[in-house]
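A short worksheet on the structure shown next.
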Amino acid sequence: MTDDRMFEGLAMAVRCAKHLKEKFPMEIMAIKDNTIIEFSKRNSRLIHGDKKNMSGCQAFYRTDKPHRVVILQKLLIERVGWLGTNYYSLEPTLDETGKRLRFPCDIEEHYQHGVSLYGEPAIIEMICHELAHHRTSGHAKGFKAKYQKFWKYMLDEMLNGNYAISSYDFKKLGDQLTSQDNYVSIGKSVCKDPPKPDYKWNATINGIPVEEYRRLKSEGVKN
Ligand SMILES: [Zn+2]
0 MTDDRMFEGL AMAVRCAKHL KEKFPMEIMA IKDNTIIEFS KRNSRLIHGD KKNMSGCQAF
60 YRTDKPHRVV ILQKLLIERV GWLGTNYYSL EPTLDETGKR LRFPCDIEEH YQHGVSLYGE
120 PAIIEMICHE LAHHRTSGHA KGFKAKYQKF WKYMLDEMLN GNYAISSYDF KKLGDQLTSQ
180 DNYVSIGKSV CKDPPKPDYK WNATINGIPV EEYRRLKSEG VKN
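All residue numbers for the sequence shown refer to numbering that gives the first Met the number 0, where the first residue is 0 and numbers rise by one.
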């Protein structure tokens, strides 16, 4: 069942990559069968020569040819990310200390550099990020411009209905964008201690709340 969910997440990632490739054919590598893959034993031959572990990141872009995007299974299954539009902006909103603005995180008890994203938009944002690494350097200017362009396009496509996502994901995305806009517009006055959201996101995986699901997983319970 978890495998089904993982492959469903992977299909979302491939779908997004192909959609971006169609719009920006010269700026993205060819999207073939093994271009977008999950980090797993079955793919160890394809990942060979790259990272042996994911060292804390959700996904990475393979610079060597053939280029690949390797994604942590947890991200494909849980589909929780954060929006990088302020953090990776050429002119980010800063807090009072001059650091890039932090945003409350719904699930973990800490802050992150953008509001949380859930469901398919979390996968889409990650693909925009990883594909923006193609022919750019690190997270420098070129990357930032490309990432913003890709995300803006995908966001427009989702909002105008050309790129269909579930109505739950669509509603959640709208809420999160509004929340990010609010934090950015309040800007410097709140950044020292951004308010915690007054709700808990009640996402479920296979009908089990995310935190419960993680606890069961860590105890080795199969679902
Ligand atoms: Zn990156």
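Every residue, glycine too, gets a C-beta built ideally from N, C-alpha and C.
Q) Using the rule of at least 16 other Cβ atoms within 10 Å of the residue's Cβ for burial, across every protein chain shown, is THR62 buried or exposed? A) Counting of Cβ neighbours within 10 angstroms places THR62 among the exposed residues, the total staying below 16.
(Q) Report the start-end ranges of each alpha helix (DSSP H) in the stretch 38 to 114 that is 4 residues or longer and not cut off at the edges. (A) For the stretch 38 to 114, whole alpha helix (DSSP H) runs of length 4 or above, ordered along the chain, are 43 to 46 and 72 to 77.
Q) With distances taken between CB atoms, is the gap from ASN42 to VAL13 smaller than 9 Å? A) The answer is no: Cβ separation not under 9 Å.
**Q.** Cβ pair ALA29, ILE126 closer than 9 Å
**A.** Here ALA29 is not near ILE126, since their CB atoms are 9 Å or more apart.
Q | Status (buried if at least 16 other CB within 10 Å, exposed otherwise) for ASP197 | A | Summary for ASP197: the model assigns pLDDT 47, below 50, so the residue's position carries little reliability; its value from the coordinates is reported in the next sentence. Classified as exposed, ASP197 has fewer than 16 neighbouring CB atoms from the shown chains inside 10 Å of its CB.
Q) Who are the near neighbours of ARG99 in its chain, counting only those whose CB is closer than 7 Å to its CB and skipping five residues on each side? A) Once the five neighbours on either side are set aside, the close Cβ partners of ARG99 are ASN85, TYR86, PRO91, LEU93 and HIS112.
(Q) Restricting to Cα atoms, I'd like to know which of THR177, VAL79 and ARG44 is closest to ILE122. (A) Ranking THR177, VAL79 and ARG44 by Cα distance to ILE122 puts VAL79 first.
Q.
Taking its Cβ as the centre, do 16 or more other Cβ atoms sit within 10 Å of ASP168, making it buried, or is it exposed?
A. Buried is the call here.
(Q) At the level of alpha carbons, what is the spacing between GLY141 and LEU215? (A) About 42 Å.
Q) Would the beta-carbon of GLU124 be found less than 8 Å away from any heavy atom of ligand 1? A) Because no heavy atom of ligand 1 lies under 8 Å away, the Cβ of GLU124 does not count as near it: no.
Q: Measure the beta-carbon distance from GLU37 to MET5 and round it to whole angstroms, keeping in mind my assumption that it falls under 8 Å.
A: GLU37 to MET5, Cβ: 6 Å. Contact.
**Q.** VAL238 versus SER184, ALA58, LEU176 and TYR212, residue with shortest Cα-Cα distance
**A.** In the structure as shown, the chain begins at 0 and stops at 222. Residue 238 is therefore absent and cannot be evaluated.
Q. Using the C-alpha atoms, what's the distance from LYS64 back to LEU116?
A. Their backbone Cα atoms lie some 30 Å apart in a straight line.
**Q.** Exposure label - THR34; buried when at least 16 CB within 10 Å
**A.** Label assigned to THR34: buried.
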